[in-house]
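*Asks:* Before anything else, here's the structure in question.
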């Protein structure tokens, strides 16, 4: 089973700050990279799926990039809001196995 | 409501027992994934089915088994339960098994083994 690593483990920022997280994954047999947002007491919800090297996706203030050659993806949040507080998960798909990282827990203080 | 239905929501049982967790995928989705989230752990991949066939297997214990039925619902069977099996079990569905489509998660089944 491949390892998907996320950093930092947790992050506290002030409202209005921009922030970013990293997801590292093995680049061999790579097929797709997913990002999910997971609020406490809820289920993970999909943000993006990316497959091509250099892919960039954007949804509102959240965007993501993908580098398949070096095996990393960045998630950016511009102008963080308290409602952005959640755990952000990435997952790498290889050989039909979608393996999740441990997540980055974001807390945005008002 | 995500469209993925998991039952039961909560289950308390004793060590050595056997339980069955059920998942109905979102309408139109052919693929079902099972994940386990133990205390302070991330989502651990157990197994994936596509249109009734097993597609990929993760670190699923031999005491655990799963299947996907012709109507596409899936069941995860956990037997000879141990205290360490206490966890939140998520089912997720996707349109296909390619991995290029998002997963839609159910609300989870929380298993407590006493």
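Protein chains in written order, with my numbering: chain F, 1 to 110; chain X, 111 to 224.
Just so you know, even glycine gets a beta-carbon here, dropped at the ideal spot from N, CA and C.
With 7 Å as the C-beta to C-beta threshold (strictly closer), list the residues of the stretch 136-153 of chain X near chain F in chain order.
*Replies:* Result list: 143, 152 and 153.
*Asks:* So which residues of chain A does residue 99(F) contact, with C-beta pairs closer than 8 Å?
*Replies:* Protein chains F and X are contained in the structure displayed, whereas chain A is not.
*Asks:* List, from N- to C-terminal side, the beta strand (DSSP E) runs of 3 residues or more that fit wholly inside the stretch 67-104 of chain F.
*Replies:* Segments of the beta strand (DSSP E) lying fully in the stretch 67-104 of chain F: 72-77, 86-94 and 97-100.
*Asks:* Name the DSSP beta bridge partners of residue 219(X), please?
*Replies:* Position 109 of the second chain, counted from the first residue, corresponds to residue 219(X). Residue pairing by DSSP places residue 219(X) opposite 199(X) in a beta bridge.
*Asks:* Run through the DSSP bridge pairs and tell me what residue 62(F) is partnered with.
*Replies:* If you number the first chain from 1, residue 62(F) lands on position 62. Beta-bridge partners assigned by DSSP to residue 62(F): 59(F) and 77(F).
*Asks:* Could you tell me which whole beta strand (DSSP E) segments of length 3 or greater appear in the stretch 22-53 of chain F?
*Replies:* 32-38 and 45-50
*Asks:* In chain order, which continuous runs of the beta strand (DSSP E) of length 3 or greater are located wholly inside the stretch 139-176 of chain X?
*Replies:* 141-147, 154-160 and 163-167
*Asks:* So residue 139(X) packs on residue 205(X), CB below 8 Å; how close in whole Å?
*Replies:* Mapped onto the second chain, residue 139(X) falls at position 29. Mapped onto the second chain, residue 205(X) falls at position 95. Rounded, the Cβ-Cβ distance is 6 Å, consistent with contact.
*Asks:* Starting from residue 132(X), find everything on chain F with Cβ-Cβ shorter than 9 Å and list it in chain order.
*Replies:* For the purposes of this step, residue 132(X) is taken as residue 22 along the second chain, with counting starting at 1. Under the 9 Å cutoff, chain F gives no residues; its nearest Cβ is about 16 Å from residue 132(X).
*Asks:* Check whether the Cβ atoms of residue 185(X) and residue 223(X) sit closer than 8 Å, and answer yes or no.
*Replies:* Here residue 185(X) refers to the residue found at position 75 when the second chain is read from its first residue. Here residue 223(X) refers to the residue found at position 113 when the second chain is read from its first residue. No; because the gap between Cβ atoms is not below 8 Å, this pair is not in contact.
*Asks:* Hey, residue 214(X) and residue 113(X) are a contact pair by Cβ (cut 8 Å); roughly how many whole angstroms apart?
*Replies:* Translated into the one-based positions of the second chain, residue 214(X) becomes position 104. Translated into the one-based positions of the second chain, residue 113(X) becomes position 3. The Cβ separation is near 6 Å, so the contact holds.
*Asks:* Within 10 Å of its beta-carbon, does residue 69(F) have 16 or more other beta-carbons around it, so buried, or fewer, so exposed?
*Replies:* Translated into positions along the first chain, residue 69(F) becomes position 69. Counting Cβ neighbours within 10 Å, residue 69(F) comes out exposed, since fewer than 16 surround it.
*Asks:* Under a Cβ-count criterion, where at least 16 other Cβ atoms within 10 Å of its own Cβ denotes burial, should residue 190(X) be classed as buried or exposed?
*Replies:* As a first step, residue 190(X) is located in the second chain; it is residue number 80 there, counting from the start. Exposed is the call here.
*Asks:* Among the candidates 159(X), 202(X) and 198(X), whose CA atom is the shortest distance from the CA of residue 95(F)?
*Replies:* If you number the first chain from 1, residue 95(F) lands on position 95. Per the Cα distances, 159(X).
*Asks:* When you compare the CB positions of residue 106(F) and residue 86(F), do they come within less than 8 Å of one another, or not?
*Replies:* Position 106 of the first chain, counted from the start, is the residue given in the question as residue 106(F). Position 86 of the first chain, counted from the start, is the residue given in the question as residue 86(F). Contact check for residue 106(F) against residue 86(F) passes: the beta carbons are separated by less than 8 Å.
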